[in-house]
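Residue numbers (my numbering): 6 to 310.
For every residue, glycine included, the Cβ atom is placed at its ideal position computed from N, Cα and C.
Since this is a predicted model, take the numbers as computed values, not measurements.
Rendered as structure tokens:
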């Protein structure tokens, strides 16, 4: 496994996109002071997950974004991509080339990618664990790093040797497993406390449950009786309604009969009135005839005498 290329854009003094290609063997980066040699190693350290702005010679992480010059305005993000040859499968990922990318925005938000797929910083750290590659790996030796290792604490040297021996991953997994085990134990203690508290409340809850069941049973019986009473009242009311309907029908029938009788009587009365009128007319006519004839008789008698 070796470093194939390094792509830098907007990182410190690298305003434009700059790509450095590397071959097998030794590659030296040379140049005058202030030309950006240290920024190259800072870019490698940063893309591998460095979180300390001080280590990158800044006060805050956003300081690594190109801040602009007299002739160029500042940029809104910094991005570094590092490509490794993985043809021998030394990294636990099914790719021959592994490209790790990190970018940061002016807002302080960061993004990590492995082969252009978004991931977490933890995924990158896990990928390079026990390979010597990483922000604290022995593959990155800065100025004064060797003296610091030799004069440092025994545990620091031990950590470096463990990284070289390839046991950091297992140690990390062991620590994580122990942490999970401790969390599980704490959870069990909390669960036991909860169970105990529930057991303490079980008897009064059992009493309350029995009372509730008794209440439900009584309420059910009462409800059944109320329903039976309502049904009985409805049946009685329905019977009374039917009885009243029958009476109403009978009265309606009688009323219809009386109406018919009244209609017939009215017809008879009208007929009698007509007959009376005819008789009255005949009477008047006969009366006129009577008086006329009487007058005539009187005239005849007068003429004789």
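(request) Starting from the C-beta of residue 82, find all residues in its chain whose C-beta is less than 6 angstroms away, skip the five residues before and the five after it, and write them out in chain order. (result) The answer, listed in chain order, is 15, 108, 110.
(request) Indicate whether residue 91 and residue 84 have their beta-carbon atoms separated by less than 7 angstroms. (result) No, the Cβ-Cβ distance between residue 91 and residue 84 is not below 7 angstroms.
(request) Report the residue from 87, 127, 103, 251 whose alpha carbon sits nearest the alpha carbon of residue 47. (result) Selected option, being the one with the closest Cα: 87.
(message) Rounding to the nearest angstrom, what Cα-Cα distance links residue 308 and residue 269 in this structure?
(response) So the alpha carbons of these two residues sit roughly 58 angstroms apart.
(request) Report yes or no: do three or more beta-carbon pairs, one from the segment 66-79 and one from the segment 116-126, lie closer than 8 angstroms? (result) Touching, no.
(request) Give the single residue among 44, 37, 39, 40 whose Cα lies nearest to the Cα of residue 11. (result) The residue with the shortest Cα to Cα distance from residue 11 is 44.
(request) Compute the beta-carbon to beta-carbon distance between residue 53 and residue 27, rounded to the nearest angstrom, for a pair I have assumed lies under 8 angstroms. (result) Contact annotation, residue 53 with residue 27: C-beta distance approximately 15 angstroms; criterion of less than 8 angstroms not satisfied.
(message) In this structure, how does DSSP classify residue 130 when only helix, strand and coil are distinguished?
(response) Taken through DSSP and simplified to helix, strand or coil, residue 130 comes out as helix.
(request) Identify every run of the alpha helix (DSSP H) within the segment 69-136, keeping only runs that are complete inside it and at least 4 residues long; order them along the chain. (result) Listed in chain order, they are 126-133.
(request) Give the straight-line distance between the Cα atoms of residue 30 and residue 74, rounded to the nearest whole angstrom. (result) The alpha-carbon atoms of residue 30 and residue 74 are separated by roughly 36 angstroms.
(request) Please check the pair residue 33 and residue 77, which I expect to be a contact at CB under 8 angstroms, by giving their CB distance rounded to whole angstroms. (result) Not a contact, Cβ separation roughly 29 angstroms.
(request) Would you kindly check if the distance between the Cβ of residue 36 and the Cβ of residue 18 is under 7 angstroms? (result) No, these two residues do not count as a Cβ contact at 7 angstroms.
(request) Could you tell me if the beta carbon of residue 115 falls within a distance shorter than 6 angstroms of some heavy atom in the ligand MG? (result) The model on display carries no ligand, and the ligand MG is accordingly not part of it.
(message) According to DSSP, simplified to helix, strand and coil, what is residue 143?
(response) Residue confidence is low: residue 143 scores 49 on pLDDT, short of 50, so the model does not pin down where it sits. Its coordinate-derived value is still stated next. Three-state DSSP puts residue 143 in coil, outside helix and strand.
(request) Go to residue 334, then tell me how far its beta strand (DSSP E) extends in each direction, as first and last residue. (result) For the chain, the structure presents residues 6 to 310; residue 334 sits outside this window and is missing.
(request) Would you mind giving the Cβ-Cβ distance between residue 136 and residue 181, rounded to the nearest angstrom? I have them listed as a contact below 8 angstroms. (result) The distance from the Cβ of residue 136 to that of residue 181 is about 19 angstroms, inconsistent with a contact at the 8 angstroms cut-off.
(request) Look at the alpha carbon of residue 229 and the alpha carbon of residue 215, and state the distance between them as a whole number of angstroms. (result) If you take the alpha carbons of residue 229 and residue 215, they lie about 21 angstroms apart.
(message) Rounded to whole angstroms, what is the Cα-Cα separation between residue 254 and residue 244?
(response) Residue 254 and residue 244: Cα-Cα distance of roughly 15 angstroms.
(message) On a Cα-Cα basis, can you pick out the residue from 132, 114, 297, 241 that is closest to residue 99?
(response) Restricting attention to 132, 114, 297, 241, the CA atom closest to the CA of residue 99 is found in 132.
(request) Decide if residue 227 is buried, meaning its Cβ has at least 16 other Cβ atoms within 10 Å, or exposed. (result) By the neighbour-count rule (16 or more Cβ atoms within 10 Å), residue 227 is not buried but exposed.
(request) Count the other C-beta atoms from every protein chain shown that fall within 10 angstroms of the C-beta of residue 239, then say buried if there are 16 or more, exposed otherwise. (result) Its Cβ having fewer than 16 others within 10 Å, residue 239 is exposed.
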